[in-house]
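Everything in the sequence shown is counted per the numbering used here, starting at 10 for the first residue and increasing by one.
Even for Gly, the Cβ is constructed at its ideal location relative to N, Cα and C.
For reference, the structure discussed in these notes is given below.
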Amino acid sequence: APPIEGGEKIIEWWRKKGKDPKQKLLIFSDGLEVETIEETYRHFRGKVRMSFGWGTNLTNDFEGCAPTETDSLDAISLVCKVTEANGRPAVKLSDNPAKATGDEREIKRYLRIFG
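Structure (structure tokens):
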């Protein structure tokens with residue numbers, strides 16, 4: 010889901026569970042650009058704590074910088090994911106179930122815990 014739409018869904022889910030969104034942290038991380046980050050920040054300011062996992066365009070924003078037409082400065086797709094923390098398997102959950110990563114048993118366990 011786009012950041013604002015996805016964030017609103019999560020906030021609503023927290024409220025249904027009796028949780029205060031202002032005590033929670035949203036980390037937005039998929040396909041972010043400066044404009045998206047600014048818009049998302051303005052929308053959620055004061056509603057929830059937030060952070061941004063700005064990746065590709067933070068570390069490789071050279072598109073259009075070459076003096077000639079070339080694709081040699083195009084961003085590459087590189088993703089590093091945590092596999093373990095403090096000796097325990099780590100998982101990544103997403104609003105897109107196909108993007109969940111980690112040990113299948115741990116993914117199922119986290120989904121039972123978090124819904």
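{"Item": "Taking the continuous beta strand (DSSP E) assigned at L35, which residues delimit it?", "Value": "34-37"}
{"Item": "Output the boundary residues of the beta strand (DSSP E) element that contains R54.", "Value": "Element bounds for R54: n/a, residue is neither H nor E."}
{"Item": "Just to confirm my understanding: we take L34, look at its own chain, exclude 5 residues before and 5 after, and list those with CB closer than 8 Å. What are they?", "Value": "V57, R58, M59, S60"}
{"Item": "Determine the closest residue to D29 out of G55, C89, D83, with distance taken between C-alpha atoms.", "Value": "G55"}
{"Item": "Can you grab the Cα-Cα spacing for the pair E17 / F53, in whole Å?", "Value": "9 Å"}
{"Item": "Suppose you measure from the CA of G73 to the CA of A84; what does that come to, to the nearest Å?", "Value": "11 Å"}
{"Item": "If K101 sits next to A109, beta carbons under 8 Å apart, how far is it from one beta carbon to the other, in whole angstroms?", "Value": "6 Å"}
{"Item": "Compute the beta-carbon to beta-carbon distance between E113 and P98, rounded to the nearest angstrom, for a pair I have assumed lies under 8 Å.", "Value": "Not really, about 10 Å apart at Cβ, beyond 8 Å."}
{"Item": "How far does the alpha helix (DSSP H) with K18 in it extend, from its first residue to its last?", "Value": "12-25"}
{"Item": "Checking the sheet assignment: what are the DSSP bridge partners for K101?", "Value": "T110"}
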